[in-house]
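Asker: Sharing a structure with you now.
There are 2 protein chains.
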Amino acid sequence: MTTDAAADIAAAGQRKRSERSGRPQSTEIDQTILKATLDVLADVGFDALSLAEVARRAGSTIPAIYRRHADKHQLVLAALKSELAELPIGVTDTGNLRDDLLDLAQRIATALTARRARLFAGLVLARRDNPELLDLLSTELHRIAVIGWQEVITRAVGRGEALNDAVASSILDDLPGAYLLGKTLLEGRPPEMRHLEAMIDKVMLPALLSSQDNADRS
Amino acid sequence: MTTDAAADIAAAGQRKRSERSGRPQSTEIDQTILKATLDVLADVGFDALSLAEVARRAGSTIPAIYRRHADKHQLVLAALKSELAELPIGVTDTGNLRDDLLDLAQRIATALTARRARLFAGLVLARRDNPELLDLLSTELHRIAVIGWQEVITRAVGRGEALNDAVASSILDDLPGAYLLGKTLLEGRPPEMRHLEAMIDKVMLPALLSSQDNADRS
Chain R
1 MTTDAAADIA
11 AAGQRKRSER
21 SGRPQSTEID
31 QTILKATLDV
41 LADVGFDALS
51 LAEVARRAGS
61 TIPAIYRRHA
71 DKHQLVLAAL
81 KSELAELPIG
91 VTDTGNLRDD
101 LLDLAQRIAT
111 ALTARRARLF
121 AGLVLARRDN
131 PELLDLLSTE
141 LHRIAVIGWQ
151 EVITRAVGRG
161 EALNDAVASS
171 ILDDLPGAYL
181 LGKTLLEGRP
191 PEMRHLEAMI
201 DKVMLPALLS
211 SQDNADRS
Chain Z
219 MTTDAAADIA
229 AAGQRKRSER
239 SGRPQSTEID
249 QTILKATLDV
259 LADVGFDALS
269 LAEVARRAGS
279 TIPAIYRRHA
289 DKHQLVLAAL
299 KSELAELPIG
309 VTDTGNLRDD
319 LLDLAQRIAT
329 ALTARRARLF
339 AGLVLARRDN
349 PELLDLLSTE
359 LHRIAVIGWQ
369 EVITRAVGRG
379 EALNDAVASS
389 ILDDLPGAYL
399 LGKTLLEGRP
409 PEMRHLEAMI
419 DKVMLPALLS
429 SQDNADRS
């Protein structure tokens, strides 16, 4: 914490100096360093990631990285947070449940780029020694995924569509997100439109519209 | 191919010599080398895997590996095939659809060990330069998963349970396997019993027992 605080103060000083001297905006360098970190992470994973390589790709220096991040671990955490902040959460209100679900599924499929799949794989591999990294990723992805589906369902209920709430809360927790991620990793490419439609028409809608009898079975 | 054939002949000669001289059975060394390869792969991924480290962990030598496998790529392919051969395919006939589904889901969840998740992540990361590796894994895992679920469904139809076949063929292609894999990777541990039950009771059974109307919607 003390190291972090010192780094923050150092970084703030750096920003002020940079603004005065007309060098590139420090926030721009911040972003370039985080982007380079994500690139190296997607290429070689966490263990093989070196600050020297990050500095080289960012056109920066190792001390410049240390002025912003206490260590490699904190650098990767910051890079991940910036990547996660770019993920699509909001969903379009199309006026009906099926199209709302499809819109969200498409946003998630689009977000699941090959680069993000590699990034994620690199973190899974690093997990044993760095559980916080994947925990952050899991928590954030889970939060993002659940919020989107819950918004779609709430809107459908508001429209007066008769949904099985008992199913909604359980199915939305993780099924669509985990399925799309698993499929992307298994096949090395994002799911196609017909897979998104099959998930919604043959799995999610029948479950959401099922009678309470089915839901009570468990 | 010529190199492979030469290696096969060399390996066969090696086996004969080994049997005569009372040294450990060559098939035992074969397995030890493949197991060491999987261990190294799960630890450091494909790129950082060195034959020297595999030889060290197997208590063997680099030439002994080259007598069996043309190169690192072939070694990893052979190790993967041996790992996949151990995965559970068969399912118990419990006498009813729900328990058959649960039994298969439990087998898959049990097979999804942390080591296999790391192994898989290491291959996803290596995919860009070695598409055959993940293609083999995808094809085999897909085949294994689909065969199991299809067997369960066929048995339920044989018992006279009224299933929606149009849904069965699409949902079984990849949903349960991809969901369980995605959830395992996302959370770093195999799904718990309550997740397997939720998947079956709230998603699979409602879909499988849904009317043809729902299936025709797509």
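Those sequence lines, one after another, are chains R and Z. Here the first sequence is numbered in our numbering, starting from 1 and rising by one per residue. Here the second sequence is numbered in our numbering, starting from 219 and rising by one per residue. Beta carbons: idealized from backbone N, C-alpha and C, even for Gly. Just so you know, these numbers come straight off a predicted model, no measurement behind them.
1. For Z:A380, decide whether its Cβ has a neighbour in chain R, counting only Cβ atoms nearer than 7 angstroms.
2. Where do the N-terminal and C-terminal ends of the alpha helix (DSSP H) with R:D225 fall, by residue?
3. Identify, in the order they occur along the chain, each residue of the same chain with its Cβ nearer than 6 angstroms to the Cβ of Z:G340, setting aside the five sequence neighbours on each side.
4. Under 7 angstroms between beta-carbons, which chain Z residues line up against R:Y179? List them in chain order, please.
5. Does DSSP classify R:P131 as helix, strand or coil?
6. Can you look up Z:L407 in the DSSP assignment and give me helix, strand or coil?
7. Using a Cβ cut-off of 8 angstroms, pull out every chain R residue sitting near Z:E405, in sequence order please.
8. Relative to the C-alpha of Z:R325, which residue among Z:R336, Z:L337, Z:E304 and Z:F338 is closest?
9. Less than 7 angstroms between the beta carbons of R:L185 and R:A109, yes or no?
10. Check the Cβ-Cβ distances between R:A207 and every residue of chain Z, and say whether any is below 7 angstroms.
11. Does Z:I389 get closer than 7 angstroms to chain R when you measure Cβ to Cβ?
12. For Z:V421, which residues in chain R fall below 7 angstroms Cβ to Cβ?
13. Would you check if the distance between the CB atom of R:P191 and the CB atom of R:K183 is smaller than 7 angstroms?
14. Quick check on R:R159: does DSSP put it in helix, strand or coil?
15. R:T113 and R:A79: beta carbons closer than 7 angstroms?
16. At a CB-CB cut-off below 7 angstroms, which residues of chain Z make contact with R:L141?
17. Do you know offhand how far Z:D321's Cα is from Z:V272's?
18. Any idea if R:I148 is buried or exposed, counting beta-carbon neighbours within 10 angstroms, 16 or more meaning buried?
19. Please check if any C-beta of chain R sits within less than 7 angstroms of the C-beta of Z:R435.
20. If distances are taken between C-alpha atoms only, which option among R:D201, R:A162, R:D30 and R:A48 comes closest to R:P63?
21. Quick check on DSSP: helix, strand or coil for R:T139?
22. Indicate the three-state DSSP secondary structure (helix, strand or coil) for R:S82 in the structure shown.
23. Given a threshold of 16 other Cβ atoms within 10 Å of its Cβ, counted over all protein chains shown, does Z:S268 qualify as buried or as exposed?
24. Using CA coordinates, which residue listed in R:T27, R:D174 and R:G59 is at the minimum distance from R:S138?
25. Among Z:A323, Z:G378 and Z:D289, which one has its Cα closest to the Cα of Z:L398?
26. According to DSSP, simplified to helix, strand and coil, what is Z:L427?
27. When DSSP labels each residue in this structure, what does R:L34 get in the three-state scheme?
28. Consult DSSP for Z:T328 and reduce its assignment to one of helix, strand or coil.
29. In chain Z, which residues lie with their C-beta within 9 angstroms of the C-beta of R:V44?
30. For R:L77, which residues from the same chain have a beta carbon less than 8 angstroms from its beta carbon, with the 5 sequence-adjacent residues on both sides left out?
31. Using the rule of at least 16 other Cβ atoms within 10 Å of the residue's Cβ for burial, across every protein chain shown, is R:K263 buried or exposed?
32. At a CB-CB cut-off below 8 angstroms, which residues of chain Z make contact with R:V82?
33. Need the endpoints of the alpha helix (DSSP H) that R:A70 sits in, please.
34. Quick check: what's the CA-CA separation for Z:L427 versus Z:R333?
35. Excluding five sequence neighbours on each side, which residues of the same chain lie with their C-beta closer than 7 angstroms to the C-beta of Z:L423?
Answerer: According to the structure data:
1. Counting from one through the second sequence, the residue named residue 380 of chain Z turns up at place 162. So, not an interface residue.
2. A query on residue 225 of chain R cannot be resolved here, the shown segment of chain R reaching from 1 to 218 and no further.
3. Translated into the one-based positions of the second sequence, residue 340 of chain Z becomes position 122. The residues are L259, G263 and F264.
4. The residue you call residue 179 of chain R lines up with position 179 of the first sequence. Going along chain Z in sequence order, the residues near R:Y179 (Cβ under 7 angstroms) are L393, A396, Y397 and G400.
5. As a first step, residue 131 of chain R is located in the first sequence; it is residue number 131 there, counting from the start. Helix.
6. Locating residue 407 of chain Z in the second sequence gives position 189, counting from the first residue. Reading off the sequence, residue 407 of chain Z comes out as Arg, not Leu. Note: Z:R407 maps to coil in three-state DSSP.
7. Within the second sequence, numbered from 1, the residue matching residue 405 of chain Z stands at position 187. Near Z:E405 (Cβ distances below 8 angstroms), the residues of chain R are S138.
8. By 1-based counting over the second sequence, the position of residue 325 of chain Z is 107. Looking at the Cα atoms, Z:E304 is the closest of the given residues.
9. Along the first sequence, one-based indexing puts residue 185 of chain R at 185. Along the first sequence, one-based indexing puts residue 109 of chain R at 109. Result no, Cβ atoms of R:L185 and R:A109 do not sit closer than 7 angstroms.
10. What you label residue 207 of chain R is simply residue 207 of the first sequence in a count that begins at 1. Yes, R:A207 lies at the interface with chain Z (some Cβ there is under 7 angstroms from its Cβ).
11. Within the second sequence, numbered from 1, the residue matching residue 389 of chain Z stands at position 171. By this cut-off, Z:I389 is an interface position.
12. Numbered from its first residue, the second sequence carries residue 421 of chain Z at position 203. Correct list: I171, L175, V203 and A207.
13. If you number the first sequence from 1, residue 191 of chain R lands on position 191. If you number the first sequence from 1, residue 183 of chain R lands on position 183. Cβ distance < 7 angstroms, so R:P191 and R:K183 count as in contact.
14. By one-based count along the first sequence, residue 159 of chain R stands at place 159. DSSP places R:R159 in coil when its eight states are reduced to three.
15. Here residue 113 of chain R refers to the residue found at position 113 when the first sequence is read from its first residue. Here residue 79 of chain R refers to the residue found at position 79 when the first sequence is read from its first residue. Going by C-beta atoms, R:T113 is not nearer than 7 angstroms to R:A79.
16. On the first sequence, residue 141 of chain R is found 141 positions in, with the first residue counted as 1. The contacting residues are L404.
17. For the purposes of this step, residue 321 of chain Z is taken as residue 103 along the second sequence, with counting starting at 1. For the purposes of this step, residue 272 of chain Z is taken as residue 54 along the second sequence, with counting starting at 1. About 36 angstroms.
18. Here residue 148 of chain R refers to the residue found at position 148 when the first sequence is read from its first residue. Looking at the sequence itself, residue 148 of chain R is Gly, so the reference to Ile does not match. So R:G148 ends up on the buried side.
19. As a first step, residue 435 of chain Z is located in the second sequence; it is residue number 217 there, counting from the start. Low per-residue confidence applies at Z:R435: pLDDT is 43, beneath 50, and the placement is therefore not dependable, though the value from the model is reported in the following sentence. True, the Cβ-Cβ gap to chain R drops below 7 angstroms.
20. As a position in the first sequence, residue 63 of chain R is number 63, starting the count at 1. For the residues R:D201, R:A162, R:D30 and R:A48, the minimum Cα distance to R:P63 belongs to R:D30.
21. Here residue 139 of chain R is taken as the residue at index 139 of the first sequence, counted from 1. Helix, per DSSP.
22. Here residue 82 of chain R is taken as the residue at index 82 of the first sequence, counted from 1. R:S82: helix per DSSP, three-state reduction.
23. Reading the second sequence from its first residue, position 50 is the one you call residue 268 of chain Z. Exposed is the call here.
24. Residue 138 of chain R sits at position 138 when you count from the first residue of the first sequence. Per the Cα distances, R:D174.
25. As a working note, residue 398 of chain Z is residue 180 in the second sequence. Looking at the Cα atoms, Z:A323 is the closest of the given residues.
26. In the second sequence, residue 427 of chain Z corresponds to position 209, counting from 1. The answer is coil: DSSP assigns Z:L427 none of H, G, I, E or B.
27. Position 34 of the first sequence holds residue 34 of chain R. Of the three classes helix, strand and coil, the one that applies to R:L34 here is helix, per DSSP.
28. The residue you call residue 328 of chain Z lines up with position 110 of the second sequence. Note: Z:T328 maps to helix in three-state DSSP.
29. If you number the first sequence from 1, residue 44 of chain R lands on position 44. Residues of chain Z passing the Cβ test: G263, D265, A266 and L343.
30. For the purposes of this step, residue 77 of chain R is taken as the residue at position 77 of the first sequence. Within the same chain, R:L77 has close Cβ partners E132, L133 and L136.
31. As shown, chain R starts at 1 and ends at 218. That puts residue 263 of chain R outside it, with no answer to give.
32. Here residue 82 of chain R is taken as the residue at index 82 of the first sequence, counted from 1. Before going on, a small fix: residue 82 of chain R reads as Ser here, not Val. Simply none; closest approach about 20 angstroms.
33. On the first sequence, residue 70 of chain R is found 70 positions in, with the first residue counted as 1. Segment: none, R:A70 is in no alpha helix (DSSP H) and carries neither H nor E.
34. For the purposes of this step, residue 427 of chain Z is taken as the residue at position 209 of the second sequence. For the purposes of this step, residue 333 of chain Z is taken as the residue at position 115 of the second sequence. Whole-angstrom Cα-Cα distance: 36 angstroms.
35. Within the second sequence, the letter at position 205 stands for residue 423 of chain Z. Once the five neighbours on either side are set aside, the close Cβ partners of Z:L423 are R316.
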